[in-house]
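Enquirer: Questions regarding the structure given below will be posed in turn.
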Amino acid sequence: MSQMPQLSACPSCEEPLESGDLFCGACGFDLSAVPPRPDVSPNGTAGSGGSVRAAAGEEAAEWPVAPEVDSSDTPVPTHLPTDLPGTDSAGGELPERPGAGSVAPDEYPLPAPGTPAAPVAPAADPRTAAPDATPPAGTKLCVACRSGRVDPDGYCENCGHAQPRERDHMEQELDTVAAVSDRGLRHHRNEDAFAISTAALPDGSPAVVAIVCDGVSSATRPDEASLAASRAANESLLVSLPRGTHPQQAMHEAILAAADAVNALAAEPASAREHSPHQNAPACTLVGSIVAGGLLVVGWVGDSRAYWVPDDREGPTVRLTEDDSWAAQMVAAGLMNEAEAYADERAHAITGWLGADAYELEPHTASFKPDRAGVVVVCTDGLWNYAEAVEEMADAVPADAAARPLHSAQVLVGHALDGGGHDNVTVAVVPFPFVPQGAGSA
Numbered sequence: 530m531s532q533m534p535q536l537s538a539c540p541s542c543e544e545p546l547e548s549g550d551l552f553c554g555a556c557g558f559d560l561s562a563v564p565p566r567p568d569v570s571p572n573g574t575a576g577s578g579g580s581v582r583a584a585a586g587e588e589a590a591e592w593p594v595a596p597e598v599d600s601s602d603t604p605v606p607t608h609l610p611t612d613l614p615g616t617d618s619a620g621g622e623l624p625e626r627p628g629a630g631s632v633a634p635d636e637y638p639l640p641a642p643g644t645p646a647a648p649v650a651p652a653a654d655p656r657t658a659a660p661d662a663t664p665p666a667g668t669k670l671c672v673a674c675r676s677g678r679v680d681p682d683g684y685c686e687n688c689g690h691a692q693p694r695e696r697d698h699m700e701q702e703l704d705t706v707a708a709v710s711d712r713g714l715r716h717h718r719n720e721d722a723f724a725i726s727t728a729a730l731p732d733g734s735p736a737v738v739a740i741v742c743d744g745v746s747s748a749t750r751p752d753e754a755s756l757a758a759s760r761a762a763n764e765s766l767l768v769s770l771p772r773g774t775h776p777q778q779a780m781h782e783a784i785l786a787a788a789d790a791v792n793a794l795a796a797e798p799a800s801a802r803e804h805s806p807h808q809n810a811p812a813c814t815l816v817g818s819i820v821a822g823g824l825l826v827v828g829w830v831g832d833s834r835a836y837w838v839p840d841d842r843e844g845p846t847v848r849l850t851e852d853d854s855w856a857a858q859m860v861a862a863g864l865m866n867e868a869e870a871y872a873d874e875r876a877h878a879i880t881g882w883l884g885a886d887a888y889e890l891e892p893h894t895a896s897f898k899p900d901r902a903g904v905v906v907v908c909t910d911g912l913w914n915y916a917e918a919v920e921e922m923a924d925a926v927p928a929d930a931a932a933r934p935l936h937s938a939q940v941l942v943g944h945a946l947d948g949g950g951h952d953n954v955t956v957a958v959v960p961f962p963f964v965p966q967g968a969g970s971a
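Structure, rendered in C-alpha cells:
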C-alpha cells in the first residue's frame, strides 16, 4: 500500500490542509486518492524518499514524449475515468473492470424459472387503516379523519381540520315535539336558538312547550341573546305550568323572564365599553307555543312566527302571530297592502325585540281552541321568508307532520336551504291532538 502523501493544500479547491487530514474540510475531496510524489522529479532533483538515488548520481528519469497525431481526419481518442488505475478510499487497489468484449458481472441476479417471488406486502390504504386506540369517553373526534382528537379551540390535533361548531346544526326530539336549527348557507354562525320540553299540569295532563329565538344580527353577541332567552323562557314555563298558572299567563311571564336574561347580558364592566365603544346591547326575538288541555297558546316579541296547519288540510292554515316590524305597521295603518309592504327594503326592520335597548316591552299572547287535529309550526324568518303566504307554508309542511314531527322539521329546514338559505333557520313542530268535548274513558 502506498504511503499517503503529505499535502499543504487541497488539489481540488486549494483549501489549506493540516497534517493527518484524510478529506478536504471545504470540498470533501478524498486526499487518499492523490498518487504519491515520484522518487525523482522530472527536473532531476530528488523527491521525498528519493534523495539516495540522486546522491548516487543516477540519471534522472525522463518523461516520454507524446507522439504527434494528425487529427485532421482522425477523431481525438476518448479516455474515460475508469480507464485509469486508481485506489479506493483506504488506499487499496480498485478491482479490475472488464475490458472490451468481456461480460460484465451480473449485479442483479434473477431468480431461476419457477422460483416463486418473495411476496410484497401491499401499501396500507389510509381510508381502511385501523384508527388509533379509542380515546377516553367524552373526547370529540374529528369529522374529517375520524381519528384525531379535537382541541379546545376547535381544530383536529391530527389533521388540523376545523370542526363544525355545536350550534351550526342542532336537532332535538321528544315524544310530542321536535325542533331543528341550522346555520344556513350564508351566515358564518348560527344566531338562532330553541328550547322544547314537556310538563305535567296539576291534573296530570301534559303540556308541550316550544320556544324559538332569533338573534338580532346588528346587535352585539346575538347568539348569546337568543340562547339566554330560549332557556329562560323554557325554565319559567316548567315552573309555572305545574303550579297551575293559566298557560296564557305563564307565556306572558316567560317572555318577561327571557327579557330579563337578555338584559343581563348588557351589564359589562366600564373597561369593556372603553375598548369597544361601538358595541350595543345584545338582542333577539322570541316566539313560543304551549299545547295543553285542548288549548293552544302562543306568545311573541319580534318577527318570528307561529302557524297553524290542520292535518286534513280541509280547514284553513292560519298565521297565529303578527310581526313587530315596519311592514306590519304599514299594513296595520292602511298605508300599504301586505305584498307592497314586504317587497320594501325596510320590511324586516323590527319594531319590537328583547334587549336592554328595546323600547317599552309589550309581550303579545293569544289563545286558540282548534276544532281539529293539526300541527303548530314555530319558526324564525329564516323559514317563513321562503313560505311567507299561509298556502305556501301548508304546501311545505309534510302531510304526516303530526306523526313525524322531527322529520317534518328537517323537511322545512331543507325547504329554506333549497330556497337559498340566506339566514339561520330554526323550526319547531308541535302536534296538536284534537280530543272532542266529552270524549274519554267510560
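Positions in the sequence shown are counted from 1; adding 529 to them yields our numbering.
For glycine and all other residues, C-beta sits at the position ideal for the given N, C-alpha and C.
Would you call the stretch 835 to 852 in contact with the stretch 754 to 771, where contact means no fewer than 3 C-beta pairs closer than 8 Å?
Expert: no
Enquirer: Quick check on P751: does DSSP put it in helix, strand or coil?
Expert: Translated into the one-based positions of the sequence shown, residue 751 becomes position 222. In the structure shown, P751 sits in a helix (DSSP, three-state: H, G or I).
Enquirer: Kindly indicate the opening and closing residues of the beta strand (DSSP E) around I879.
Expert: Taking the sequence shown and counting its residues from 1, one reaches residue 879 at position 350. Premise fails: I879 is in no beta strand (DSSP E) and is neither H nor E.
Enquirer: Reducing DSSP to helix, strand and coil, say where P934 ends up.
Expert: As a working note, residue 934 is residue 405 in the sequence shown. Residue state, collapsed to three classes: helix.
Enquirer: How many Å lie between I784 and R901 at the Cα?
Expert: Start at 1 with the first residue of the sequence shown, and residue 784 comes out as number 255. Start at 1 with the first residue of the sequence shown, and residue 901 comes out as number 372. So the two alpha carbons sit approximately 28 Å from each other.
Enquirer: Find the nearest neighbour of N687 within the set P681, R675, P693, judged by alpha-carbon distance.
Expert: Counted from its first residue, the sequence shown places residue 687 at position 158. Out of P681, R675, P693, R675 has the C-alpha closest to the C-alpha of N687.
Enquirer: Opposite Y836 in the DSSP bridges: which residues?
Expert: Here residue 836 corresponds to residue number 307 of the sequence shown, with the count starting at 1. Looking at the DSSP assignment, Y836 forms a beta bridge with R848, V906.
Enquirer: Taking the alpha-carbon positions, what's the E920 to L941 distance?
Expert: Counted from its first residue, the sequence shown places residue 920 at position 391. Counted from its first residue, the sequence shown places residue 941 at position 412. Approximately 14 Å, taken between the alpha carbons.
Enquirer: With 16 other CB atoms within 10 Å as the buried threshold, where does R656 fall?
Expert: Position 127 of the sequence shown, counted from the start, is the residue given in the question as residue 656. Any reading at R656 needs caution, since the residue's pLDDT is 48, under 50, leaving its predicted position unreliable; the model's value is listed next. Its Cβ having fewer than 16 others within 10 Å, R656 is exposed.
Enquirer: Just to confirm, is the Cβ distance from G911 to A945 under 7 Å?
Expert: Translated into positions along the sequence shown, residue 911 becomes position 382. Translated into positions along the sequence shown, residue 945 becomes position 416. It is a contact, given that the beta carbons lie within the stated cut-off.
Enquirer: Please determine, among D752, E782, H698, A748, the residue with the shortest C-alpha to C-alpha distance to E764.
Expert: As a position in the sequence shown, residue 764 is number 235, starting the count at 1. The residue with the shortest Cα to Cα distance from E764 is E782.
Enquirer: How would you label C685, buried or exposed, when you count the other beta carbons within 10 angstroms and need 16 or more for buried?
Expert: Looking up residue 685 in the sequence shown gives position 156. The residue in question, C685, is buried, as its Cβ has 16 or more Cβ neighbours within 10 Å.
Enquirer: Leaving out five residues on either side along the sequence, give the residues of the same chain with a beta carbon under 6 Å from the beta carbon of H716.
Expert: By 1-based counting over the sequence shown, the position of residue 716 is 187. These residues qualify, in order along the chain: N953.
Enquirer: Note down the Cα distance separating A821 from L890, rounded to an integer number of angstroms.
Expert: The sequence position of residue 821 within the sequence shown is 292, counting from 1. The sequence position of residue 890 within the sequence shown is 361, counting from 1. Cα to Cα, A821 sits roughly 26 Å from L890.
Enquirer: So V956 is in the alpha helix (DSSP H); what residue range does that whole segment cover?
Expert: The residue labelled residue 956 in the question sits at position 427 within the sequence shown. No alpha helix (DSSP H) contains V956, which is instead part of the beta strand (DSSP E) from 954 to 961.
Enquirer: Here's a check: name, in chain order, each residue in its chain whose Cβ is nearer than 6 Å to the Cβ of V709, leaving out the five neighbours to either side.
Expert: Counting from one through the sequence shown, the residue named residue 709 turns up at place 180. Apart from sequence neighbours up to five positions away, the residues of its chain that approach V709 with a beta-carbon distance below 6 Å are E700, A938, Q939, V942, V956, ordered along the chain.
Enquirer: Would you check if the distance between the CB atom of A812 and the CB atom of A748 is smaller than 7 Å?
Expert: Reading the sequence shown from its first residue, position 283 is the one you call residue 812. Reading the sequence shown from its first residue, position 219 is the one you call residue 748. Taking 7 Å as the Cβ cut-off, A812 and A748 qualify as a contacting pair.
Enquirer: Would you kindly report the start and end of the unbroken beta strand (DSSP E) that includes P735?
Expert: Reading the sequence shown from its first residue, position 206 is the one you call residue 735. P735: member of the beta strand (DSSP E) spanning 735 to 744, first to last residue.
Enquirer: For V942, write down the residues that DSSP places opposite it in a beta bridge.
Expert: Your numbering for residue 942 matches position 413 in the sequence shown. DSSP lists no partner for V942.
Enquirer: Would a C-beta distance cut-off of 7 Å place V819 and V830 closer than the cut-off?
Expert: Here residue 819 refers to the residue found at position 290 of the sequence shown. Here residue 830 refers to the residue found at position 301 of the sequence shown. Going by the sequence as given, residue 819 is Ile instead of Val. No; because the gap between Cβ atoms is not below 7 Å, this pair is not in contact.
Enquirer: Apply the 10 Å Cβ neighbour rule to T774 and answer buried if 16 or more other Cβ atoms are within range, or exposed otherwise.
Expert: Your numbering for residue 774 matches position 245 in the sequence shown. Classification of T774: buried, given that the 10 Å Cβ count is 16 or more.
Enquirer: Can you tell me whether P545 is buried or exposed? The criterion is at least 16 other CB atoms within 10 Å of its CB, across all chains shown.
Expert: Residue 545 sits at position 16 when you count from the first residue of the sequence shown. Exposed.
Enquirer: Does any residue of chain D bring its CB to less than 7 Å from the CB of Y915?
Expert: Protein chain content of the structure displayed is limited to a single chain, and chain D is not contained in it.
Enquirer: For P962, tell me which candidate among V847, S833, D841, R694 has the shortest Cα-Cα distance.
Expert: Numbered from 1 along the sequence shown, position 433 holds the residue referred to as residue 962. Of the candidates V847, S833, D841, R694, the one whose C-alpha sits nearest the C-alpha of P962 is D841.
Enquirer: For V904, which residues of its own chain have a beta-carbon under 6 Å away from its beta-carbon, when the five flanking residues on both sides are left out?
Expert: Taking the first residue of the sequence shown as position 1, residue 904 is located at position 375. Excluding residues within five positions, the ones whose Cβ falls inside 6 Å are V838, A930, A931, V958, P960.
Enquirer: Tell me whether A887 sits in a helix, a strand or coil according to DSSP, three-state version.
Expert: Indexing the sequence shown from 1 puts residue 887 at position 358. The answer is coil: DSSP assigns A887 none of H, G, I, E or B.
Enquirer: Excluding the 5 residues preceding and the 5 following G683 in the sequence, name in chain order all residues of the same chain whose CB lies nearer than 8 Å to its CB.
Expert: In the sequence shown, counting from the first residue as 1, residue 683 sits at position 154. If we look at G683 and ignore the five residues flanking it on each side, its Cβ neighbours are A691, Q692, R694.
Enquirer: Ignore the nearest five residues each way along the sequence and tell me which others in G823's own chain have a CB closer than 7 Å to its CB.
Expert: Residue 823 sits at position 294 when you count from the first residue of the sequence shown. Taken in chain order, the residues that qualify are K898, V964.
Enquirer: Given R933, which residues of its chain have a CB within under 8 Å of its CB, disregarding the five upstream and five downstream residues?
Expert: Residue 933 sits at position 404 when you count from the first residue of the sequence shown. Excluding sequence neighbours, R933 sits near P927.
Enquirer: Use the C-beta contact count for V516: other C-beta atoms within 10 angstroms, 16 or more gives buried, fewer gives exposed.
Expert: As displayed, the chain neither begins before 530 nor continues past 971, which places residue 516 out of reach and without an answer.
Enquirer: Who pairs with F552 in a beta bridge, going by DSSP?
Expert: On the sequence shown, residue 552 is found 23 positions in, with the first residue counted as 1. Per DSSP, D559.
Enquirer: Here's a check: name, in chain order, each residue in its chain whose Cβ is nearer than 6 Å to the Cβ of E547, leaving out the five neighbours to either side.
Expert: Locating residue 547 in the sequence shown gives position 18, where the first residue counts as 1. Hits under 6 Å: none found.
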